[in-house]
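Participant: Numbered according to full-length UniProt numbering, the sequence shown spans residues 1 to 378.
Ideal Cβ placement from N, Cα and C applies to all residues, glycine included.
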Amino acid sequence: MLYFDNAATTKPDASVLSSFMKVNEKFFYNPNSPHEKGQEVERLLQNARDQIKSTLKLNDETLIFTSGATESNNMALKGAAHQKKHFGRTIITSLLEHPSVLEVMRELEREGFILKYVNVTAEGGIDIEHLKSLLSNDVILVTCMQVNNIMGQIQPIEEIVSCLKAYPKVHFHVDAVQALGKWPIQMAGIDSLSLSGHKFNGLKGQGLLILKNLHQIYPIIQGGGQEFGLRSGTVNVASDVALAKAIRLAEDHREALMQTLTDFTRALREMIQDYPGVVINSPVDASPHILNMAFPGVRGEVLVNAFSKQGIMISTTSACSSKHSNVNEVLKAMNISVSNILGSIRLSFDRHTTMQDIETFKAAFHQVYREVEELLEK
Ligand code: PMP
1 MLYFDNAATT KPDASVLSSF MKVNEKFFYN PNSPHEKGQE VERLLQNARD QIKSTLKLND
61 ETLIFTSGAT ESNNMALKGA AHQKKHFGRT IITSLLEHPS VLEVMRELER EGFILKYVNV
121 TAEGGIDIEH LKSLLSNDVI LVTCMQVNNI MGQIQPIEEI VSCLKAYPKV HFHVDAVQAL
181 GKWPIQMAGI DSLSLSGHKF NGLKGQGLLI LKNLHQIYPI IQGGGQEFGL RSGTVNVASD
241 VALAKAIRLA EDHREALMQT LTDFTRALRE MIQDYPGVVI NSPVDASPHI LNMAFPGVRG
301 EVLVNAFSKQ GIMISTTSAC SSKHSNVNEV LKAMNISVSN ILGSIRLSFD RHTTMQDIET
361 FKAAFHQVYR EVEELLEK
């Protein structure tokens, strides 16, 4: 089977898995224990933090190890809103965000915060002029993803940072889950940033929150005070050491990978031109590890099954994303037509994808197209 669902999760790298196993076997001790082995493990944990900081060229930021980006997003957003609630009540997001952001925003709204959604441009970007019009002295929190997980579009983080310069009390959070390993991670003007190990050949249950200033967020998990008091609970040092390794590997491969991914998506975009009725949903300048396309008139689920029969694992984006809607809300926010949403599929690649895989996919695509051609709205 060919695996083209890497935006959902990636295959763990063998060396990441082996670091995890080794630390678990030899250094299972608690880093909070005062004895020699505990202290040795504490040093391993410190080395993992130092390695991540040097790989990502960070300075004074604090790294909080978490179980994944869902936890990092919850921690940063709830923590920042609660820490800043005496300075204002307004928070800004967009409908493009992942549920681990949007559902937190909606929970904060139920608690009494004022939630504002920034408009989305036709290309799926944050509408900067609209953002400017929403900003006021009551705004305490703004959140935006760096790369969208469904379409791959890239958000104008630097422009958002410039808009926020006039509002220094705003906490700016970035969900960079789909960016690491493809795009540079930088913290200029950003207060917190979330990552998830399994999206870049690390392990599931492994995440990070990078924080500009430790005191900007209120701890949502209380207990023994680990992770600078922000995430109590015995630290999973094996996972954290393995995450440092996954981040280094992802950064080492990043530039070469972007070149090959660009070649893959270019080849696929060219091929699709020969198939009338098939539409590419991803904007031309989307991150090349994601290619979203639609077969209007055909259900995404039917396409997933048809590709599966050809030995290719892909994803549909037409699944319900909320109880209130039967079409994907992110695609709806981008003004994509309902038949394009219902007929959409997402291909996503990683560093294990080869040009040979792309060629195999092309042959399978031809076959699937022939099967569904009559249903296509041309
Ligand atoms: N944000 C984005 C953009 C994502 O793609 C994902 C994973 N689909 C998450 C957050 C949540 O990550 P995790 O499931 O690893 O907690």
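Can you tell which of Gln-259, Leu-203, Met-105 and Ala-69 has its C-alpha closest to the C-alpha of Phe-20?
Facilitator: What you label residue 20 is simply residue 20 of the sequence shown in a count that begins at 1. Phe-20 has its Cα closest to that of Leu-203, out of Gln-259, Leu-203, Met-105 and Ala-69.
Participant: Could you have a look at Val-368 and say whether DSSP puts it in helix, strand or coil?
Facilitator: Numbered from its first residue, the sequence shown carries residue 368 at position 368. Of the three classes helix, strand and coil, the one that applies to Val-368 here is helix, per DSSP.
Participant: Report yes if the C-beta of Ser-196 is less than 7 Å from at least one heavy atom of the ligand PMP; otherwise report no.
Facilitator: Start at 1 with the first residue of the sequence shown, and residue 196 comes out as number 196. Under cutoff, so the answer is yes.
Participant: Rounded to whole angstroms, what is the Cα-Cα separation between Lys-22 and Pro-184?
Facilitator: If you number the sequence shown from 1, residue 22 lands on position 22. If you number the sequence shown from 1, residue 184 lands on position 184. Near 30 Å, if we compare the C-alpha coordinates of Pro-184 and Lys-22.
Participant: Rounding to the nearest angstrom, what Cα-Cα distance links Leu-135 and Gln-155 in this structure?
Facilitator: Here residue 135 corresponds to residue number 135 of the sequence shown, with the count starting at 1. Here residue 155 corresponds to residue number 155 of the sequence shown, with the count starting at 1. Using only the alpha carbons, I get a separation of about 18 Å.
Participant: With a threshold of 16 other CB atoms inside 10 Å of the CB of Gln-367, please say whether the residue is buried or exposed.
Facilitator: Position 367 of the sequence shown holds residue 367. Exposed is the call here.
Participant: Comparing C-alpha positions only, which one of Phe-361, Ala-363, Val-372 and Leu-347 sits nearest to Thr-9?
Facilitator: Locating residue 9 in the sequence shown gives position 9, where the first residue counts as 1. Ranking the options by Cα distance to Thr-9, first place goes to Leu-347.
Participant: Which of the three DSSP states, helix, strand or coil, is assigned to Asn-73?
Facilitator: By one-based count along the sequence shown, residue 73 stands at place 73. Three-state result, Asn-73: helix.
Participant: Any idea which residues DSSP pairs Gly-207 with across the strands?
Facilitator: Counted from its first residue, the sequence shown places residue 207 at position 207. Note: Gly-207 sits in a beta bridge opposite Thr-66 and Ser-196.
Participant: For Met-293, which beta-bridge partners are listed by DSSP?
Facilitator: Counted from its first residue, the sequence shown places residue 293 at position 293. Met-293 pairs with Ile-280 and Ile-345.
Participant: For the alpha helix (DSSP H) that Ile-272 lies in, which residues bound it at each end?
Facilitator: Here residue 272 refers to the residue found at position 272 of the sequence shown. Counting along the chain, the alpha helix (DSSP H) containing Ile-272 begins and ends at 237-272.
Participant: Would you report the Cα separation of Pro-296 and Val-278, rounded to the nearest angstrom?
Facilitator: As a first step, residue 296 is located in the sequence shown; it is residue number 296 there, counting from the start. As a first step, residue 278 is located in the sequence shown; it is residue number 278 there, counting from the start. Spanning the two alpha carbons is a distance of roughly 7 Å.
Participant: How many angstroms separate the CA atom of Lys-78 from the CA atom of Val-170?
Facilitator: Along the sequence shown, read from residue 1 onward, the residue named residue 78 stands at position 78. Along the sequence shown, read from residue 1 onward, the residue named residue 170 stands at position 170. Cα-Cα distance, rounded: 14 Å.
Participant: With a Cβ-Cβ cutoff of 8 Å, do Asn-74 and Val-120 count as a contact?
Facilitator: The residue labelled residue 74 in the question sits at position 74 within the sequence shown. The residue labelled residue 120 in the question sits at position 120 within the sequence shown. No, they are not a contact pair.
Participant: Do Leu-230 and Ile-64 count as a contact pair if the criterion is CB distance below 8 Å?
Facilitator: In the sequence shown, counting from the first residue as 1, residue 64 sits at position 64. In the sequence shown, counting from the first residue as 1, residue 230 sits at position 230. A contact, by the Cβ cut-off of 8 Å.
Participant: Along the chain, where does the beta strand (DSSP E) containing Lys-212 start, and where does it finish?
Facilitator: Walking along the sequence shown from the start, residue 212 turns up at place 212. Counting along the chain, Lys-212 falls outside any beta strand (DSSP E), and DSSP gives it neither H nor E.
Participant: Among Ile-290, Val-298, Glu-123 and Gln-46, which has the Cα closest to the Cα of Lys-199?
Facilitator: Within the sequence shown, residue 199 is the residue found at index 199, counting from 1. The shortest CA-to-CA distance from Lys-199 to any of Ile-290, Val-298, Glu-123 and Gln-46 is the one to Ile-290.
Participant: Taking DSSP as the reference, what is the three-state secondary structure of Phe-172?
Facilitator: To locate residue 172, count along the sequence shown from 1; it is residue 172. Three-state DSSP puts Phe-172 in a strand.
Participant: Are Gly-205 and Ser-100 close, meaning C-beta to C-beta below 8 Å?
Facilitator: Residue mapping note: residue 205 aligns to position 205 of the sequence shown, counting from 1. Residue mapping note: residue 100 aligns to position 100 of the sequence shown, counting from 1. For Gly-205 and Ser-100, no; Cβs fall outside 8 Å.
Participant: Is Asp-175 a contact residue of the ligand PMP, with contact defined as CB to any heavy atom under 7 Å?
Facilitator: If you number the sequence shown from 1, residue 175 lands on position 175. True, at least one ligand heavy atom lies under 7 Å from that Cβ.
Participant: Could you give the DSSP three-state label for His-324: helix, strand or coil?
Facilitator: Residue mapping note: residue 324 aligns to position 324 of the sequence shown, counting from 1. Legend: pLDDT at His-324 = 46, less than 50; position of this residue unreliable, value from coordinates given subsequently. His-324: coil per DSSP, three-state reduction.
Participant: Alpha carbon to alpha carbon, how far is Glu-270 from Ser-284? Give it in angstroms, no decimals.
Facilitator: Taking the sequence shown and counting its residues from 1, one reaches residue 284 at position 284. Taking the sequence shown and counting its residues from 1, one reaches residue 270 at position 270. Ser is not the amino acid found at residue 284; the sequence shown has Val there. Distance between the alpha carbons of Val-284 and Glu-270 is about 12 Å.
Participant: I need the boundaries of the alpha helix (DSSP H) containing Met-145, first residue and last residue.
Facilitator: Working through the sequence shown from its first residue, we reach residue 145 at position 145. From DSSP, Met-145 is part of no alpha helix (DSSP H) but of the beta strand (DSSP E) over 139-145.
Participant: Could you check whether the Cβ of His-98 sits closer than 7 Å to any heavy atom belonging to the ligand PMP?
Facilitator: The residue you call residue 98 lines up with position 98 of the sequence shown. Yes, the beta carbon of His-98 sits closer than 7 Å to at least one heavy atom of the ligand PMP.
Participant: Can you give the Cα-Cα distance for Tyr-3 and Ile-272, rounded to whole angstroms?
Facilitator: If you number the sequence shown from 1, residue 3 lands on position 3. If you number the sequence shown from 1, residue 272 lands on position 272. Distance between the alpha carbons of Tyr-3 and Ile-272: 20 Å.
Participant: Cβ atoms of Val-304 and Thr-316: under 8 Å apart, would you say?
Facilitator: Here residue 316 refers to the residue found at position 316 of the sequence shown. Here residue 304 refers to the residue found at position 304 of the sequence shown. A contact, by the Cβ cut-off of 8 Å.
Participant: On the DSSP bridge assignment, give the partners of Leu-2 in chain order.
Facilitator: Residue mapping note: residue 2 aligns to position 2 of the sequence shown, counting from 1. Checking the DSSP bridge columns, you'll see Leu-2 partnered with Ile-312.
Participant: Under a Cβ-count criterion, where at least 16 other Cβ atoms within 10 Å of its own Cβ denotes burial, should Ser-18 be classed as buried or exposed?
Facilitator: Numbered from 1 along the sequence shown, position 18 holds the residue referred to as residue 18. Burial call: exposed.
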